[in-house]
Amino acid sequence: MTLTTAPRGTYDIMPNQALAWQWLEKNIREVFLLYGYGEIRTPIFEHTELFQRGIGETTDIVEKEMYTFTDKGGRSITLRPEGTASVVRAYIEHKLYGQAPVAKLYYLGPMFRQERPQAGRFRQFHQFGVELIGDESPVADAEVILLAHDLYRRLGLTDLEIHLNSVGCPHCRQEYKRVLTSMLKAAAGELCPTCRVRLDRNPLRLLDCKNAACQGILSRVPPIQNYLCTDCRHHFDQVVALLETVNVKYELSPRLVRGLDYYFRTVFEILNKDLGAQNALCGGGRYDGLVEECGGPAVPGVGFASGIERVLTTLEQRGKLPEFSNSPNLYLIPLGEQLSAVAFSLATTLRRAGYIVELGNGRKSLKSQLKTAHKSGAALAVIIGEDEWQAREVTFKKMDDGSQKRIAVADLATEIVKLVHPSVGTSKMGKGSQERSSVDDLIDTLQKELAMVNHLVVPLTNCTNKEE
RNA sequence: GUGGGCGUAGCUCAGUUGGUUAGAGCGCCAGGUUGUGGCCCUGGAGGUCGAGGGUUCGAAUCCCUCCGUUCACCCCA
Numbered sequence: 018m019t020l021t022t023a024p025r026g027t028y029d030i031m032p033n034q035a036l037a038w039q040w041l042e043k044n045i046r047e048v049f050l051l052y053g054y055g056e057i058r059t060p061i062f063e064h065t066e067l068f069q070r071g072i073g074e075t076t077d078i079v080e081k082e083m084y085t086f087t088d089k090g091g092r093s094i095t096l097r098p099e100g101t102a103s104v105v106r107a108y109i110e111h112k113l114y115g116q117a118p119v120a121k122l123y124y125l126g127p128m129f130r131q132e133r134p135q136a137g138r139f140r141q142f143h144q145f146g147v148e149l150i151g152d153e154s155p156v157a158d159a160e161v162i163l164l165a166h167d168l169y170r171r172l173g174l175t176d177l178e179i180h181l182n183s184v185g186c187p188h189c190r191q192e193y194k195r196v197l198t199s200m201l202k203a204a205a206g207e208l209c210p211t212c213r214v215r216l217d218r219n220p221l222r223l224l225d226c227k228n229a230a231c232q233g234i235l236s237r238v239p240p241i242q243n244y245l246c247t248d249c250r251h252h253f254d255q256v257v258a259l260l261e262t263v264n265v266k267y268e269l270s271p272r273l274v275r276g277l278d279y280y281f282r283t284v285f286e287i288l289n290k291d292l293g294a295q296n297a298l299c300g301g302g303r304y305d306g307l308v309e310e311c312g313g314p315a316v317p318g319v320g321f322a323s324g325i326e327r328v329l330t331t332l333e334q335r336g337k338l339p340e341f342s343n344s345p346n347l348y349l350i351p352l353g354e355q356l357s358a359v360a361f362s363l364a365t366t367l368r369r370a371g372y373i374v375e376l377g378n379g380r381k382s383l384k385s386q387l388k389t390a391h392k393s394g395a396a397l398a399v400i401i402g403e404d405e406w407q408a409r410e411v412t413f414k415k416m417d418d419g420s421q422k423r424i425a426v427a428d429l430a431t432e433i434v435k436l437v438h439p440s441v442g443t444s445k446m447g448k449g450s451q452e453r454s455s456v457d458d459l460i461d462t463l464q465k466e467l468a469m470v471n472h473l474v475v476p477l478t479n480c481t482n483k484e485e
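This is the structure:
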């Protein structure tokens, strides 16, 4: 049982699904490139201490969700539950602060959290995200939010909700926490058990509790905005103003606090309400202080992380996922095992010329192979039978209308070029005046390769003839 | 970690108050055409009914335990 099932919360991405992943990843990389971010690939695991320190000891991630083990050297190792800590570690390790005023980094890859899986939540899941380190200005916050927004927009996702809040700096947050704690202590008996615990450990986290009773009590609590210091207030106002200048719609969410300790001032989430309980497409915010906490200089930072699975689900829900196809251009059908060798050589030739070629099984009937060719979605079937090959010909059959004709091997190159465009290596094609010459190039290449096929194939057919 | 739903063919699912060789549709393979796909027709393969235990003359069906899965809580992407 365990041998034939992927571990709980994990899953396989099968070839047809992988096409959507590749498409999405390509779009992500392109947008990040537009905004000037460079990819960083950090290890999948890190020293446990990095996450404990970076994410925060009292967070759920660190307290109960990490995949942690001791390696053979006795070191405590953890599979990364998120990306920011690792990027910050690498930033410090490579002393990027000494190379340029800001570092703009992006990542994309698997993350691991040991939670009970449910809709939109997995134990191995995939995130992409950016970290803009070294810029304390509100423009940086706005850019990061806009980056996420623009990426989704480019993918065709328009009416998503951007939720925005400020959690202040350690100074004003301290003040707010005091007010919050004193107000809630009085009503502690009515709070849910987890909130009662949080009251002492991390009172801000009470704010987004979904328990109805807690919400009732919390509705009487003033929003954190009322307690922001002038600098924090000013910073937040500017972020909001910047979003206005580019006409991005947002909602102010005074209850949004987010579960990671490192957030500072700006926090945001982008939601798709249709996703189910796990409806956040991405989340992020500013984390001034994190680099220093992790042993680097006092450098500010801001970033976000987005879940690939959730983006894909949203795209699918909204019908924005393109149709993907990896149908072959040509399906070669040898009739009989002797001719399989001919088809094999021909397939190699055509693949080298950039065509997607599928090769039928020569032991199977023509009918069976044609069925398979049909199912493969190939545009053209090339039948290589004894009749044809005696005359050094093959039969071309167009799969859409069923029309067919016999083609002399000598004319193969020109005929193929006329009927199908290669799917691979098309970069040389389609550039106006260059098109003509690249078609000729293709024919040349094919002809050279085909000469080789003839050469290889003659002894084989001779063999067949001798046996008869 | 807690709670609810669901586990029958590759997939989607029927299966009556417990009753004999567990079914359908789709898919797959083959044939109908000694060399022609899609449509149609015929046939075939494929199931320890999630696992173990119990009740019973008899269990896919009832009971228990476990496992898996799914949704929700906590929390998050």
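To convert, count from 1 in the first sequence and add 17; that's the numbering used here. A virtual CB, placed ideally from N, CA and C, is assigned to each residue, including glycine.
Locate the alpha helix (DSSP H) running through residue 11, then write down its first and last residues.
As shown, the chain starts at 18 and ends at 485. That puts residue 11 outside it, with no answer to give.
What are the start and end residues of the beta strand (DSSP E) that includes residue 141?
Note, residue 141: beta strand (DSSP E), 141-150.
Where the alpha helix (DSSP H) containing residue 187 begins and where it ends
Secondary structure note for residue 187: its alpha helix (DSSP H) is the uninterrupted segment 187-203.
8 Å CB neighbourhood of residue 393 in its chain, flanking five on each side removed
Residues of the same chain with a CB within less than 8 Å of the CB of residue 393, apart from the 5 flanking positions on each side, are 344, 345, 348 and 375 in chain order.
State the beta-bridge partners of residue 182 as determined by DSSP.
Looking at the DSSP output, residue 182 sits in a beta bridge with 284.
Host beta strand (DSSP E) of residue 308 (start-end)
Element bounds for residue 308: not the beta strand (DSSP E) but the alpha helix (DSSP H), 307-310.
Checking the sheet assignment: what are the DSSP bridge partners for residue 299?
In the DSSP output, where bridge partners are listed per residue, residue 299 has 287 and 323.
I need the straight-line Cα distance from residue 26 to residue 457, nearest angstrom please.
Between residue 26 and residue 457, the alpha-carbon positions lie close to 52 Å from each other.
Reducing DSSP to helix, strand and coil, say where residue 466 ends up.
The answer is helix: DSSP assigns residue 466 an H, G or I state.
Leaving aside the five residues before and after residue 323 along the sequence, list all residues of the same chain whose C-beta is less than 7 Å from its C-beta, in chain order.
Cβ neighbours of residue 323 within its own chain (closer than 7 Å, five residues either side excluded): 144, 145, 146, 165, 298 and 299.
Nearest-angstrom Cα separation, counted from residue 148 out to residue 121
Their backbone Cα atoms lie some 6 Å apart in a straight line.
Run of the beta strand (DSSP E) containing residue 398, from where it starts to where it stops:
It spans 397-401 - the beta strand (DSSP E) in which residue 398 sits, taken as one unbroken run.
Residues of its chain near residue 430, where Cβ-Cβ distance is below 7 Å and the 5 sequence neighbours each way are ignored:
For residue 430, the CB contacts under 7 Å within the same chain, skipping 5 residues up- and downstream, are 460, 463, 464 and 467 in chain order.
State whether the segment 176-186 contacts the segment 283-292, with contact taken as three or more CB pairs (one from each stretch) at a distance under 8 Å.
Cβ pair count under 8 Å is three or more, so yes.
Measuring from the CB of residue 186, is there a heavy atom of the ligand FAD at a distance below 8 Å?
This structure simply doesn't include the ligand FAD, nor any ligand for that matter.
Which of the three DSSP states, helix, strand or coil, is assigned to residue 351?
DSSP places residue 351 in strand when its eight states are reduced to three.
Answer with buried or exposed for residue 43, where buried requires no fewer than 16 other C-beta atoms within 10 angstroms of its C-beta.
A residue is called buried when at least 16 other Cβ atoms come within 10 angstroms of its Cβ; residue 43 does not meet this threshold and is exposed.
Around the C-beta of residue 366, are 16 or more other C-beta atoms found within 10 angstroms, so that it is buried, or is it exposed?
Taking a 10 Å sphere around the C-beta of residue 366, we find 16 or more other C-beta atoms and assign the residue as buried.
For the pair the segment 95-111 and the segment 64-81, tell me if three or more CB-CB distances fall below 8 Å.
With a cut-off of 8 Å, the segment 64-81 and the segment 95-111 count as touching, because enough Cβ pairs lie within range.
Residue 439 classed as buried or exposed, judged by whether at least 16 other C-beta atoms fall within 10 angstroms:
Burial call: buried.
From the DSSP output, which residues share a beta bridge with residue 333?
When beta bridges are read from the DSSP output, residue 333 appears opposite no residue.
Using C-beta distances below 8 Å, list every residue in its chain close to residue 356, excluding the 5 sequence neighbours before and after it, in chain order.
Within the same chain, residue 356 has close Cβ partners 379, 401, 402, 403 and 406.
Between the C-alpha atoms of residue 328 and residue 422, what's the straight-line distance to the nearest angstrom?
Whole-angstrom Cα-Cα distance: 47 Å.
Do residue 244 and residue 280 come within 9 Å of each other at the CB atom, strictly closer than that value?
Inclusion of residue 280 and residue 244 in the CB contact set at 9 Å is not warranted, their separation being larger than that value.
Extent of the continuous alpha helix (DSSP H) run through residue 105:
Run containing residue 105: 101-110, per the alpha helix (DSSP H) assignment.
Once DSSP output is grouped into helix, strand and coil, what is the label at residue 55?
DSSP places residue 55 within a strand segment (E or B) once states are collapsed to three.
Helix, strand or coil for residue 448 per DSSP?
Unreliable positioning characterises residue 448 in this predicted model, as indicated by a pLDDT of 35, which lies under 50. The coordinate reading is nonetheless provided below. Three-state DSSP puts residue 448 in coil, outside helix and strand.
Report, in whole angstroms, the separation of the C-beta atoms of residue 179 and residue 267, which I expect to be a contact under 8 Å.
About 4 Å separates the CB atoms of residue 179 and residue 267; that is less than 8 Å, so the two are in contact.
For the beta strand (DSSP E) that contains residue 96, what are its first and last residues?
Looking at the DSSP string, the run of the beta strand (DSSP E) that includes residue 96 is 93-96.
So what's residue 127 in DSSP terms, helix, strand or just coil?
In this structure, residue 127 counts as strand in the three-state DSSP scheme.
Put residue 414 into one of helix, strand or coil per three-state DSSP.
The three-state reading of DSSP puts residue 414 in strand, counting E and B together.
Sequence-distant residues of its chain with Cβ nearer than 6 Å to residue 335 (five each side left out)
Answer for residue 335: no residue qualifies.
Between residue 312 and residue 109, what straight-line distance do the alpha-carbon atoms span, to the nearest angstrom?
Near 8 Å, if we compare the C-alpha coordinates of residue 109 and residue 312.
Suppose the cutoff is 7 Å on Cβ atoms and the five residues either side in sequence are ignored; what does the same chain contact list for residue 84 look like?
Cβ within range, chain order: 95, 96, 129 and 131.
As assigned by DSSP and simplified to three states, the class of residue 367:
In the displayed model, residue 367 falls within a helix according to three-state DSSP.
Would you decide whether residue 48 is buried or exposed? Buried here means 16 or more other CB atoms lie within 10 Å of its CB.
Label assigned to residue 48: buried.
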